[in-house]
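First the structure, in the form of structure tokens, and then the observations on it.
2 protein chains.
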Amino acid sequence: MKRKPTLNDVAALAGVSNATVSNAINGTKHVGDDVRAKIDQAIAALDYIPNSLAKSLKMNESRLIGLMIWDILNPGFPPIVRGIEDTLRKNGFNVLLCNTDSDPVKELQYLKVLLGRQVDGLVVALAGPDVSHFLALNIPVVFFNRIPECTDCNVVTTDNAQGAYLATEHLLRHGYRRIAIVAGVQYISVGRERFRGYRKALEDGGRAFDERFVRVGPFTVEGGYQAMKELMEQDQPPDAVFTSNNILTLGALRYLRETGYRIPQDIAVVSYDDPDWATLLDPPLTCVDAQNYQMGISTGELLLERVQEKTAAKPKRVVLPLSLTVRRSCGCP
Amino acid sequence: MKRKPTLNDVAALAGVSNATVSNAINGTKHVGDDVRAKIDQAIAALDYIPNSLAKSLKMNESRLIGLMIWDILNPGFPPIVRGIEDTLRKNGFNVLLCNTDSDPVKELQYLKVLLGRQVDGLVVALAGPDVSHFLALNIPVVFFNRIPECTDCNVVTTDNAQGAYLATEHLLRHGYRRIAIVAGVQYISVGRERFRGYRKALEDGGRAFDERFVRVGPFTVEGGYQAMKELMEQDQPPDAVFTSNNILTLGALRYLRETGYRIPQDIAVVSYDDPDWATLLDPPLTCVDAQNYQMGISTGELLLERVQEKTAAKPKRVVLPLSLTVRRSCGCP
DNA sequence: TTGAAAGCGTTACCAG
DNA sequence: CTGGTAACGCTTTCAA
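Spelled out as structure tokens, the structure:
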């Protein structure tokens, strides 16, 4: 196992100086055609690959981005991650994948590691409500999915309230009178916003808001199952439900299946997030399309913008439009 | 935006040499308690975070691992990726995520980038049948999911043939006589192995193998849909089907749903891979549990082993045992 | 157009 | 136990 060839080895073989080789490779300066040929030859002969570590150290830029998400197993993340990786790769950046499990301690540990690695920027789905450690960094950060309160943060998000509004409104149009929500925990922006949209749609539709039709729980399958169970075991169960996240939907549907409720006859369902399997169910699931892949693209683009500009620009907030994918679980024919 | 503090800044503030600070931080040598206290104080005062780039350059180890998969959107990958990230993180390694889209060109490009970044090792689900560029590397490589032919490669896999055998045998026990397979392309080990297991089970069960019940296609939803369609549009359609991968299953089920076939009355289904939504279907889906998370763990562990030993050990092949998760799509009550 | 040499932030050798 | 200093592989002035 021999030592890897370096720039100096190439220079020696080509009979020129390392500076010239560097300039030739990076196009920093013009080098003569004959010299260039010798260099190319030497590079090929040695199978030389530049050491980006050394380059990064010298240039003070790593072209490395830290990607912090809760958990890649969470089905909303893969499309986002893919969108981010796609745009960053095209621009010569690589992605360090970090699962925080929504644990602020893990998040902070990972943050230290990433800073140590001199990442040029961060894209993060916050683990907890606390953003403070991200605020004073001297590299750009873009938040997505779970975003902070702060007004001057770079953020890409969808209009979660609008999505929930769309779903609830559609259910109202069908004439359901007891529309429930399986909501996510309210200390997360996504949970809060979607609940707000649900409530607003109810009010705009002239329906009284009823606490009995609200269950708030953690974003887990078990949480969704439990919430749905409580909802249905009441004296007056709901006739429709808006499940406000894909994981919650999974749990809620699991309960409805097991207990034999028919959709939409016994209870209509509209879900947030549009998973692969939505069309597999009987009836196929009506969903708010959360635009996850697009969210990844936009997140990547915003970060690139921030990384590449020399002077820090005003933080930006991009909000993606949403739409309802109507299938049959809502009662549509 | 001021310059980041360095080891030398810490040393200056503490009034000692950089060598001592380095030793204090890494525990390389023993340092006096008073000196140590001053150093800790200086580190805290400056918010010093060591620059891993410089460290890596000097030590000739990056503690960075390249993770090459086809596509994180492919539902089998998140659990594997999570398993890998979990074990590597615990050991102080970080993961660079690379989606190759099964494109050998992209794979090779990414490989160059990763080598340039001085990764300490690679975990890869091969993009194509060609492994040659991975063979001569002087860093350890562990293959998983789609593995190469070569006998002296580090590999972690499941016994795909056994999994397919399990599925087919179970269908045979139910008394189905025309058992079809939606198989994956045969130039991929996984596709080949699963087909082999299917065929073996048929033979062991005394059933003649029948070409008409075999459809081979790309691992895509569309591929599964098309295969299922062709299978069912024959004069003598199958009475049971083994869909040999989660994506193919998605497509095949989509077709069966759309055309109104009842499962298992019209056709029984057993699938490979056990997705979240398997219990949501009506009837719930019987699956071969592919052990993806465990596969990730084992892959990470094997790589660590290889990275941490100084002298290259004999390549290892780990094969994970498989089991059938019986639900109702196979005809079980 | 090319080259010599300094320096990025570490580690590690060798002296004291 | 502590410190001076060379070196890791690259980029970048400054001179030639």
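These protein sequence lines map, in sequence, to chains A and B.
Sequential numbering of the first sequence, starting at 1, is according to this note's numbering.
Sequential numbering of the second sequence, starting at 1001, is according to this note's numbering.
The beta-carbon is built from N, C-alpha and C at its ideal position, and this holds for glycine as well.
Quiz item: Between the stretch 1250-1284 of chain B and chain A, which residues of the former have a C-beta closer than 7 Å to a C-beta of the latter?
Solution: Residues passing the 7 Å Cβ filter: L1250, L1253, R1254, R1257, D1276, W1277, T1279, L1280, L1281 and D1282.
Quiz item: For F1213/B, does the three-state DSSP call read helix, strand or coil?
Solution: helix
Quiz item: Can you name, in chain order, every residue of its own chain whose Cβ lies under 6 Å from the Cβ of V1142/B, other than the five neighbours on each side?
Solution: V1123, N1154, T1299, L1302 and L1303
Exercise. Using a cut-off of 9 Å between C-beta atoms, extract the partners of P79/A located in chain B.
Key: I1072 and L1073
Quiz item: Is there contact between the stretch 1183-1200 of chain B and the stretch 1145-1159 of chain B, where contact requires at least three CB pairs shorter than 8 Å?
Solution: yes
Quiz item: Among A313/A, K229/A, P264/A and A125/A, which residue has its Cα nearest to the Cα of N74/A?
Solution: A125/A
Quiz item: Quick one: does D1086/B have its CB under 9 Å from some CB of chain A?
Solution: For D1086/B, the answer is yes, since a Cβ of chain A falls inside 9 Å of its Cβ.
Quiz item: In whole angstroms, what is the alpha-carbon distance linking N1099/B and F93/A?
Solution: 13 Å
Quiz item: Quick one: what's A183/A bridged to in DSSP?
Solution: V216/A
Quiz prompt | For F134/A, the first and last residue of its enclosing beta strand (DSSP E) | solution = Per DSSP, F134/A belongs to no beta strand (DSSP E); it is in the alpha helix (DSSP H), S132 to L135.
Quiz prompt | DSSP bridge partner residues for R1317/B (one or two, in chain order) | solution = V1155/B
Exercise. Determine the direct distance from the alpha carbon of T1311/B to that of A1136/B, and round the result to whole angstroms.
Key: One Cα belongs to A1136/B, the other to T1311/B, and the distance between them is close to 16 Å.
Practice problem: Would you please verify whether the beta carbon of V113/A is less than 9 Å from any beta carbon of chain B? | Solution: yes
Quiz item: Whose C-alpha, out of G1206/B, T1087/B, G1066/B and H1170/B, is nearest the C-alpha of I1139/B?
Solution: G1066/B
Quiz item: Taking the alpha-carbon positions, what's the I69/A to Y1293/B distance?
Solution: 18 Å
Exercise. Answer with buried or exposed for F1209/B, where buried requires no fewer than 16 other C-beta atoms within 10 angstroms of its C-beta.
Key: exposed
Quiz item: Under 9 Å between C-beta atoms, does A45/A make it to chain B?
Solution: no
Quiz item: Does the count of Cβ pairs from the stretch 217-228 of chain A and the stretch 245-262 of chain A closer than 8 Å reach three?
Solution: yes
Exercise. Output the boundary residues of the alpha helix (DSSP H) element that contains V189/A.
Key: The displayed chain sequence assigns Ser, not Val, to residue 189/A. Where S189/A is concerned, the enclosing alpha helix (DSSP H) stretches over S189 to D204.
Quiz item: Closest Cβ-Cβ distance between G121/A and chain B: below 9 Å?
Solution: no
Practice problem: Sort I1084/B, R1178/B and R1328/B by Cα distance to D1235/B and report the nearest one. | Solution: R1178/B
Quiz prompt | Cα-Cα separation, P1315/B to L1166/B | solution = In a straight line, the C-alpha of P1315/B is about 29 Å away from that of L1166/B.
Self-check item: Option nearest A1164/B by Cα separation, candidates L1088/B, Y1048/B and A1290/B
Solution: A1290/B
Quiz item: What do you reckon, are the CB atoms on R117/A and S1052/B nearer than 9 Å?
Solution: Yes, the pair counts as a contact, with Cβ atoms nearer than the cut-off.
Quiz item: Taking the alpha-carbon positions, what's the P321/A to V156/A distance?
Solution: 11 Å
Quiz item: Do three or more CB pairs link the stretch 1102-1121 of chain B to the stretch 1053-1064 of chain B at distances below 8 Å?
Solution: Judged by Cβ distances under 8 Å, the stretch 1102-1121 of chain B makes contact with the stretch 1053-1064 of chain B, as three or more pairs qualify.
Quiz item: beta strand (DSSP E) containing N94/A: first to last residue?
Solution: N94 to N99
Self-check item: Of the residues V35/A, K4/A and R3/A, the one placed nearest S17/A, counting alpha carbons only
Solution: Put simply, of V35/A, K4/A and R3/A the residue whose alpha carbon is nearest the alpha carbon of S17/A is V35/A.
Practice problem: Count the other CB atoms, across all protein chains shown, that sit within 10 Å of the CB of S1056/B; report buried if there are 16 or more and exposed otherwise. | Solution: buried
Practice problem: For G1121/B, name the three-state secondary structure that DSSP assigns. | Solution: strand
Quiz item: Can you list, in chain order, the residues of its chain whose CB lies under 7 Å from that of R1215/B, leaving out five sequence neighbours each side?
Solution: Once the five neighbours on either side are set aside, the close Cβ partners of R1215/B are V1182, A1183, A1227, E1230 and L1231.
Quiz prompt | P1275/B to T168/A span [Cα, whole Å] | solution = 29 Å
Quiz item: How long is the line joining the alpha carbons of I1084/B and A278/A, rounded to whole angstroms?
Solution: 29 Å
Quiz item: Hey, does N8/A have any beta-carbon neighbour from chain B nearer than 9 Å?
Solution: no
Quiz item: Using a beta-carbon distance below 9 Å, is G1116/B in contact with chain A?
Solution: Yes, G1116/B lies at the interface with chain A (some Cβ there is under 9 Å from its Cβ).
Self-check item: V1031/B - DSSP class collapsed to helix/strand/coil
Solution: coil
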